[in-house]
Ligand code: FNR
């Protein structure tokens, strides 16, 4: 077993252990992948100010997200097909999050259902909603999330039309995988994954199959997904959904100050500044580059979370220093899950926590809630001049 010291180590193991179509599904951006690449390379441009001879005892990374304290302001992002990276993946990730005391957000497109995750965890989790044309399905899934005691509804607004990711088409991505000669060849080297998968009955989109009228099996699910994401989604619909939910609402997929203001207007409790991990509009700017203008537009009225590109505790600290109240990680924990199941997710959280804590100390800070831009060196014109 290799010594694991950083998120990249988990990524290498994930690649080795999960079927290629699922690793590729995670490790892709849309079209040229420019935005996917810049999400991480833009973080690298920001540097820290080293400060010394400052008391570094009694440090704390505890911070509130939506009025609840967590071990660190880092949530596990909603990731479709998580249960294909590793058997029962959503349950394992939710358990790791619960033990670590960070929020877990379950995707609409998960393999384990809301009820599955509820039955295997105690801490309330967040539920991510994709808005579908089938209103009855949407009402129903909101009701199911309420019944499960979910503590926030995360409405994703940047994927009503799917960005094209070449590898998914070339690999014939499906859940469970179709047994073609090339899949079988790949699976022949992924025995542990296959055995674990044979040991669970959770191998399809269990939030959807059996809950949406027209979906009885996987074949019809594919056409259903393509047809069902509602391209007419607008702010009125989002406001109505907020009413229906009646609890905390987070709008996920905001990348423009004007849209951030709209989210404030409809009374959202938080936004997630995100470009969906570079999986949707290729050519959009990175989340970290767009963050300052969004922070300014929101003016402290609601919480601002950020995702897309975070691969270390140092990235977390940079996002907080640039004005985010919290962050979400997607791939960083999925690599851990694909590498080693629940233990891998815990390892990813441990790594990120340690990096966050140590970096904070070396910047001369003891409390994550007191972090501001003062700890950073940001290149002049980082946000760029775009017209
Ligand atoms: C996602 N993301 C996502 N978002 C969402 O709202 N619902 C979903 O079902 C999914 N599915 C999904 C699958 C995979 C494989 C990835 C990588 C991402 C986006 C996700 O929540 C988050 O915005 C990004 O993952 C953040 O970028 P990083 O941390 O992966 O760089």
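In the numbering used here, the protein residues as written are 0 to 386. The beta carbon of each residue, even a glycine, is placed where N, CA and C say it ideally should be. Here the structure is a predicted model, which is why all the values come from computation and not from measurement.
Checking the sheet assignment: what are the DSSP bridge partners for residue 68? DSSP lists 63 as partners of residue 68.
Taking 9 Å as the cut-off, decide whether the C-beta atoms of residue 90 and residue 113 are in contact. no
Determine the burial state of residue 304: buried for a count of at least 16 other Cβ atoms within 10 Å of its Cβ, exposed for fewer. With 16 or more other Cβ atoms within 10 Å, it is buried.
Considering only their Cβ atoms, is the gap separating residue 71 from residue 360 smaller than 9 Å? Result no, Cβ atoms of residue 360 and residue 71 do not sit closer than 9 Å.
What is the rounded straight-line gap between the Cα of residue 253 and the Cα of residue 270? 7 Å
Note down the Cα distance separating residue 285 from residue 207, rounded to an integer number of angstroms. 32 Å
Could you tell me if the beta carbon of residue 108 falls within a distance shorter than 8 Å of some heavy atom in ligand 1? yes
Output needed for residue 353: all residues of its chain with C-beta closer than 7 Å, excluding positions within five of it in sequence on either side, in chain order. 312
Are at least three pairs of beta-carbons, each pair with one atom in the region 5-23 and one in the region 77-89, less than 8 Å apart? yes
Enclosing beta strand (DSSP E) for residue 155 [first to last residue]: 151-155
If you check the beta carbons only, do residue 29 and residue 164 fall under 9 Å apart? yes
Relative to the alpha-carbon of residue 152, which residue among 181, 249, 298, 324 has its alpha-carbon at the smallest distance? 249
Could you give the distance in angstroms between the alpha-carbon of residue 58 and the alpha-carbon of residue 40? 29 Å
Tell me, to the nearest whole angstrom, how far the beta carbon of residue 310 is from that of residue 6; I am working on the premise that it is less than 8 Å. 5 Å
Euclidean distance between Cα positions of residue 137 and residue 51: 54 Å
Touching by the beta-carbon criterion (3+ pairs, under 8 Å), the region 145-161 and the region 116-134: yes
Check this for me: beta carbons of residue 321 and residue 367, under 9 Å apart or not? no
CA-to-CA distance, residue 124 to residue 395, given in whole angstroms: Only positions 0 to 386 of the chain appear in the structure, and residue 395 is not among them; the question remains open.
Residues near residue 265 in its chain [Cβ-Cβ closer than 7 Å; skip 5 each side]: 234, 237, 238, 241
I'd like the list of long-range same chain contacts for residue 344, defined as Cβ closer than 7 Å, with 5 residues on each side in sequence excluded. 91, 92, 95, 332, 335, 336
Does DSSP put residue 294 in a helix, in a strand, or in coil? helix
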